[in-house]
Structures are given as structure tokens and as C-alpha cells.
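Structure, as C-alpha cells:
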Amino acid sequence: MSNINETKIGKIISVSNLSVQVLLDRSEVSMRSCMCAYLNGKRVSFEVAGVNGGIAQAIPLSSVNGLKKGMDVFALPRGIEIEYSDNILGKVFNSYGELIDGGVIENPVTRNVYEKNLALSEIDIDGDVLWTGIKALDFFAPMQKGFKMGMLGGAGVGKTVLIKELINNVYRGWGSNSVFAGIGERSREGKELYDEMMEAGLMDKLAVVFGQMGESSMARSRAAYAGLTLAEFLRDERRQDVLLFIDNIYRFVQANSEISAEIGNMPIESGYSTTLLSDVSEVEERVNSTGQGSITSFQAVFIPADDITDMAVNTIMSHLDGQIVLSRKVAEKGIYPAVDVFSTTSKLLTIEGVGERHFRLAEKSVATLARYQELEEVVAVLGVDELSEEDMNIFYRARKLRNYFSQPFFVSEQFTGIEGQFVKIEDVLDDVEAILTGKYDSVDESHFLFVGKVPEVKQTAIF
Amino acid sequence: MSDRIGELINSRIDAIKAGQSIYSVGKVTRVANYILEVAGLEDVFYFERVYIGNKGEGYVSHIGRSSVTVELVKRAASIYVGDEVTSSGKMFSAMASPDFVGHIVDIFGEDKLTGNKFRELAEIPAVSPNVPIMDRRTVKKPLYTGLCGIDLLYPIGKGQRQLIIGDKKTGKTQIGLDAIANQRGQGVICIYVALGKSKKTVKGVYNELLARGAMSYTVIMAAFQEDCAPMLYITPQVALSLALAYMQQKRDVLVIMDDLTQHANTYREISLLAGKAPGRDAYPPDIFYTHASMLELGCQHKNGGSITILPIVETRGGDITDYIATNIISITDGQIVTSSKSFEKGQKPAINFGLSVSRLGGQVQIPAMKALGTSIKRELLSYLETKEIFELANIDEMSAEMRDKLTRGKEMLERMKQYRFDPMTPDGMAERFGKFAEAPETPAPAESVK
């Protein structure tokens, strides 16, 4: 049944949902090497997570249904490997580096998915500004080549749509290759993304890895490593500026906490895995740029129970160069992208990074919107008429500003029925300045909702 | 003669001895409600079906070094330490029959109304593997619920997973039942999964559907509160296996899961009793995966069949941001939020238009519905937001534009009202909302006056 050159190294002595214990004949197994058993001729693999005396603790890569005590276990010392070559573009992989689209990779090089670390001297942190054409992003959280930008949001506030719009706006015009890692998200969305890219003829620069939410914990966890390995190949061997889209990095942490609990490690707060910090840093530290090539990444981060103080979310945040926070309160008002401007930031938003005008306008906008929030409460109780003239100006201008940062997306034409818009940063700066200085005071606020740059409008009075 | 009897006796004794081999027979050593620890049973495999005499049956949920854990799915009589446990050599599976349609059934293939087993039963897997990602197709065919608030604004497509979420008594189940009733003559098979509902409630659902001729294409699969928790835990998975079997025959299936909050709480109970480490809110760490692996079976298959799932989640105090709710929101393709405030004000179905979402939107609508729906949705949301802010403003002092917006919005909301089991066709909706098709002040770029 087993391959002739696989050596038997032990027997199964215990099985549960996400863990298999193996009594070893000898103790020559290393962490993260693999082992396997054969069930009716089908191989079931596990990865070694620990060895205690003569007993190895292993995590199954797929379902354990059917495994029993006493089954022979064989060694697969090379661990999880991925095959790659120039052929990876246009292909779809699963978390363990196997092609799932029926394709083949010719003359592949194989590499273990874990072995990669950059030295401090190799890391390059300079890069050009990268405009996304999305008003709220470019204005409040400008992006730079080589950055790690997080898109944080609770359930159903539009993270995936934003990622898709970024793929549309940035990837299309991008000269080099990209990797999309679908981790623990909907299979439907993954497949639709693939279909759309195929239809649009855009798959030729993209390699895709899927470890989606219907798959085992191990598959979801390892999808991150497979995606990274492909991105590193493009960066280091093809010397490219790679775009890496990860949707969703939180699911990686979540999968790890499922595994951790099942193999009996003590959980930390909210049941996260004991090794939360090192898990996240192991992955995030590989998303870096060198002198030869760069990895620019957009990462969606799920916020469980809308709790932005969540331990896992904060751990991921500490690795990011910028973050776009999507809020349910904004989404409820029908404004998409539902960007919460108060917690959306980027390391690049400095006078040195984007210039004085942009920086000052961003500051002023945030201040205006902050005052609006206070005024909203006053208005709800006393009505608009009770405001001073200055506050009334702020109140109406802030509402226009808020509406202005909504945007019709190319990828969500089916929701809005409006054609998508790519907006240049110069236009955004002009428009914001005009709104803040009162040039549009006589224009109704509805004219700012779901537009690109402010269109020429009829000057109508509202009150 | 006596030789022959002696032989018979000896062979029986041998059989009994063989039967008592520690490999296929074990003894209960610990009973913790429906979780048993069994010594012996050395040869069982993970998720194998085992019997505790004729007192009950269950599946192997853990194989330890010196004992095996069994979770009971069915318990006919009290089980004591020392009871004999025998293995079956087979994976735990469920029973299904094509005759299920029209009946209230359980996972063992029993007709719950008569207590009889169905005649033509076949085994189906209790837990089905995921549908491969490359076998899926774009969700784009509409599945009409007959409710304006859904079909126009937050449409559901075949293969979509749309959550119905809200407080108790806000009409969540009714939305599901309306959707089932509206499938009459559409060739869709419906499965209503009742989890931990009272018998009275399930009978009520049955009668309602029967009265509307909906039982002729519907299966009600039930696990009651009195059943063992593992039965409640596994029932929705079996219902999906059944749906999968229909989908493989290229059928469209609609599954209503009422409700997953109950399922999550049951799974938490089992997990804690089994001594597993608790995670957030004491739920097991793999609660997300448990729900995701089920709901991911909902899809449009490349063979033409589909599984549409409408899971129901109950909230407390209208909070849709708790752990289980956000988990399921993040799995599904959108949510219909029901609100007690709207319900009390007589706005039924009590859909909260601001919080409801469809991630597929117009992709699953026919062009006419999409055009009408998007323009109404935009205007309605804008009305609701404006109303909130200008609640206290004097309507007479407003600009004509604003006044018009408020009156139109109000009328629109009024026309969203529908009584239970009073479905509308797409044409009917187009008629009812036709006057709103052209918004007077669309926020789209207006013409220039320069």
C-alpha cells in the first residue's frame, strides 16, 4: 500500500479530531516533518507538532475519520512542500501546494513552505507612493510600495469588496506578478474571483492559493505559508515587485487556535493559541522587501464580535504599516467603503511622505468630522437651527465630506447600479479643499454621494 | 444426539468468547450524561458507530491510549457503568429515504408523526465533505421569497447562504416559512431543520406548510430538546447531506436552519462536558469551523443543482455583534436583520433595512428587478438616515426637495409591509413600486447648468 521508500516509524496510539499521537519505533522525527498512515490505500498525512519521549504529537492535514489505534505510520521527513516554477502563474493551489485546477507544473523546484527568513541587512524599506484610486484610502491612508496595509472590519462591512476593488485598481495596472492567498474565507467568493479574473484575461500574472473556510484547521493555517512561499519565489528568484493579497489573515490565527486547543495547549485570552505572537510574526516577518524585489501586501483582517481591542487583531495590527478600519456605524448609513476615518492611518501620512497640502487637509478633515460627531448628538436633541453659524457650517460641510468619501466601485456595480470610478489624488485634494472652504455650501449633500470627483452641479438651496 | 448438542453449546461458547475479545467489545467505565468512556474497543476507528446493547448508539469521538470516548446520539434506556459496548465496523451514518418529502423525520429515518421507520431507507453520510472549490459556479439565479423587502432590496440567489438574524419574536422563522411556501411549483426541494424546538412548534410549522400545500416538496428534519445533545449537533449536518444528495441529482434545494444559536449552545455543552478547553464566551475553539464547514456546502454546483441555505440566528437585545452572530455573518453571503422595534411598530416583515446586507446584490436579480431594487434601496436608506437626523426638525420649514424625500420614504416603507404567507410575484412588486423607479433627485452626477 505504501510507497516503497517510505520507512515505517511507528504506530497510532490515539486519535481525536485534530490530533494524532504516534508511538515511535525510534525518535528520529523533527518538528514540522510529516508522517502518514494509509486508510484503504489513501494516504492521510499529519505534521509533527511535538515529541515527548517515544510519542509524537501530530496534527492531521485532513479528516481523521476512519483512523484507528495500531495503524502503521510512515515518515515523510521533508514536511509540507510546494512545487514552483515560472508555470505557477494562472494556477490555483491548495494549502499544501497541490494544484487543484487540473493543471501541471513542469520542471518544478520544490521547497519546504516554512524555511525562509530575511536578515535585517537584506530588508529594504524605501518605496514609491502607490495610489489606489480609492478616495478614502489615498487621502487618509496612502500606500507605499513594500507596505503592509491592513483592511480591518467586523463581519459584513465590506472587507472583501475592498480587496477586490484593490485588485481591480492596482493589480490591473501593475507591471509584475501577484499572489492571492484565500485563507478561511468563502469558497464562493474565491471561485467567483477566479472566474472573473479568467473572464477578464487577468489570470496570467496571478497565482492563487485557496485554504477556504470549509476546510480543516490545518489547511486554513497552512494556506498562509503556501501563499508566502510563492510570493517569495517571485520576489527572490524572479526579482519582481510582487503584490500579495491575503484574505483573510485573521483566519490564520483562528485556525491556529483551533489546533492549539485540540493538542492540549493552554489557551490565552479569548481562546487564542499559546503561540499567537510567534505565529503572527513568523508569517508577517516574511512579508518584506529586499534590494532585489519587493512584496507589497493588502491584508484583510476580520474583527471578531466587532471588538477592535481583540488580542489577535491587535497582534496583527502591530505588524502593519497602515490600516483601513471599516465600521458598521458607517455601513449602516449606506456609505461604502465604510471607512472609519478616525482609526484609519498610514505611516506615510506625514509632510515628508505626501506633502504639506495633503497632510494639512487630512488633518482638517478629521477634525471637522470629529466635531460633526459631537454636533450630531446636539442636533438629535435640539435640532439644527440651534447651532451657531460656525457649527452649522461644520455640520453641513462634514456631512458633505462624509458623503464624498463614499465611492462607486468597479467591482460593486451590481449593488450600486453605478459605474465604478478611479479618482486621482489631485482631484481628491481639490474637492476636499473646496468642501472645507465652503465653495459647495449651496450644493445639496446628496450630490456628493457615490460620485468620483465632485461633478458640476446645479447650485440649489437646501433650506 | 448429545454430541450434537455439546457441539452446538461449544460453538456458542466460542462465539461468545470471541465476541468478548477486547478488540470489538468494550465496557462503559464512566458516564457523564451522554458522553461515555469505554475501556476495551481496541479496534474501533474514529467516528465509528457503536452500540450500547440495545440501550443506545453513538459514535467514537476520541481514541485515547487506554480508553475510547463515545458520544451518544440515541438513548433508549439508562446506561450504567459496566454496560457492554460493541463496535459496528462502520462509519456513523444517517438514514434517508426519497419518501421523506411531506414528513417530519429524524436522522434515523423515522417518521416522527407515526413513529414508524420508512420502508425504503438508504445510508447517507452523517458528515459530508466540502464541495471542491473548482466545482462551484457563480450564484446568479434568483430564488424568490415573495417578500418585497428581500426580493427587491436584499435578494437571495440559488446557492446563496443568507442569514436571518434578530431577537426573539421578530418573525425570523416566518421569513423562512414564507420562502418555503413561495417555492410551490418551482421544482425546489425544501428542508426545514428544527433544532431544539418544542414539539408544539414543529407541529405548528408542519400544519402551516401543509395548509399551504408546501409539504408536497418539503422535508422537516427535527431534533428535539429531549434528544441527546449530539443528535441535535449532528442533525443539521445530516440535513445538508440529504440536500447534497438532491443537489447531485441536479435539483435545487432550499434549507432553513432554525436555529444555529441553539446549535452553537449545544455544541458548547458537549464540548465542555467532554472536557475540552473553552475559547471565547466558553464556546469551543472550532465553533467557527463547525458552522463554516456546514454552510460552505451551500453552493451553485457546476452540474446545475444548488443548495441555498437560510440559517437563523437569535440575538439578545438586538445585538448582532456578539461572537456567534458575527461568526455566522462572516460565513454567509449576507444577512436579513429583523428588529423588534419595527415589529412593534407594525412594520412587518420587520426587516432592518440599514443593517441587512446582501453580498451578491443585483448579481442574482433579473435586470428589471435589479434596476428597481437598487434605486429603491438607495432612496430608502438615505430616507432612513435623514429621518433619524431631522427627526425634530419642522417639516414645513424644509426645502421642497427634503420634504418630498421624507414623504416618498414614508410611503415606500409602508408599501414594504406584507402579511404572513402573502407572497408577491416579481411583476406584482414592479407594479407596487413602479412609481419609485425614477428617483427625482438621484445622487448620480446631475446635469451641468454652465
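Here the protein sequences line up with chains A and R, keeping their order. Counting in my numbering, the first sequence runs from 1 upward without gaps. Counting in my numbering, the second sequence runs from 464 upward without gaps. We put the CB at the ideal spot given by N, CA and C, even for glycine.
- The residue from Ile858/R, Thr532/R, Ile468/R with its alpha-carbon nearest to that of Asn17/A is Thr532/R.
- Contact annotation: Thr229/A and Arg399/A have beta-carbon atoms that are not nearer than 9 Å.
- If the five residues before and after Thr837/R are omitted, its C-beta is found closer than 7 Å to the C-beta atoms of Gly825, all from its own chain and listed in chain order.
- At a cut-off of 9 Å, the C-beta of Thr350/A has no neighbouring C-beta in chain R.
- At a cut-off of 9 Å between beta-carbon atoms, Ala755/R makes contact with chain A.
- Tyr746/R has a beta carbon lying within less than 9 Å of a beta carbon in chain A.
- Cβ atoms of Val179/A and Val242/A come within 8 Å of each other, at about 6 Å.
- Put simply, the CB of Glu332/A is near chain R, with a gap under 9 Å to one of its CB atoms.
- A straight line joining the alpha-carbon of Asp195/A with that of Asn168/A spans about 14 Å.
- Within the DSSP bridge table, the entry for Gln763/R names Arg600/R, Ser769/R as partners.
- Residue pairing of Arg111/A in beta bridges, as defined by DSSP: Ile82/A.
- With 16 or more neighbouring CB atoms inside 10 Å of its own CB, Asn403/A falls in the buried class.
- Contact between Thr608/R and Ile619/R holds: their C-beta atoms lie close to 6 Å from each other, under 8 Å.
- Chain R places no beta carbon closer than 9 Å to that of Pro108/A, leaving this residue out of the contacts.
- Look at Ala305/A: its C-beta is under 9 Å from a C-beta on chain R.
- For Met203/A, the nearest beta carbon of chain R is not closer than 9 Å to its own beta carbon.
- A contact is defined here as three or more CB-CB pairs under 8 Å, and the segment 499 to 509 of chain R fails this definition with respect to the segment 559 to 570 of chain R.
- For Asn314/A, there are no neighbours in chain R by C-beta distance under 7 Å, as the nearest C-beta there is about 15 Å away.
- Within the same chain, Val253, Thr315, Ile316, His319 come within 7 Å of Val280/A by CB-CB distance, once the 5 residues on both sides are set aside.
- Taking every protein chain shown into account, the CB of Val428/A has 16 or more other CB atoms within 10 angstroms, so this residue is buried.
- Residue pairing for Leu130/A: DSSP places it in a beta bridge opposite Met143/A.
- The three-state secondary structure of Gln826/R, taken from DSSP, is helix.
- Residues of the segment 395 to 429 of chain A that bring their beta carbon within less than 7 Å of a beta carbon in chain R comprise Gln414, Phe415, Thr416, Gly417, Ile418, in sequence order.
- Per DSSP, the continuous beta strand (DSSP E) segment holding His525/R begins and ends at 519 to 526.
- Going by C-alpha positions, Asp859/R is about 51 Å away from Asp321/A.
- One thing to note: Tyr522/R has its Cβ within 9 Å of the Cβ of Phe510/R.
- Going by C-alpha positions, Gln637/R is about 15 Å away from Gln625/R.
- Any Cβ of chain A closer than 9 Å to the Cβ of Gln798/R would place that residue at the interface, and such an atom is present.
- Here the alpha carbon of Ser793/R sits roughly 5 Å from the alpha carbon of Ala155/A.
- Leaving aside the five residues that flank Leu535/R on each side, the residues in its chain whose CB is nearer than 8 Å to its CB run, in chain order, Tyr497, Ile498, Leu499, Ile515, Gly519, Glu520, Gly521, Ile542, Cys691, Pro693.
- Not one beta carbon of chain A lies nearer than 9 Å to the beta carbon of Asp614/R.
- In the DSSP assignment, Arg239/A falls outside any beta strand (DSSP E) and carries neither an H nor an E.
- Using a CB distance below 9 Å, the part of the segment 206 to 238 of chain A facing chain R consists of Phe210, Gln212, Met213, Gly214, Glu215, Ser216, Ser217, Arg220, ordered along the chain.
- In chain order, Lys116, Arg286, Ile295 place their CB closer than 8 Å to the CB of Glu232/A, counting only its own chain and leaving out the 5 sequence neighbours on each side.
- In the structure shown, Gly420/A adopts coil according to DSSP, grouped into three states.
- Neighbours of Leu844/R in chain A, taken as residues whose beta carbon is under 8 Å from its own, are Lys333, Gly334 in chain order.
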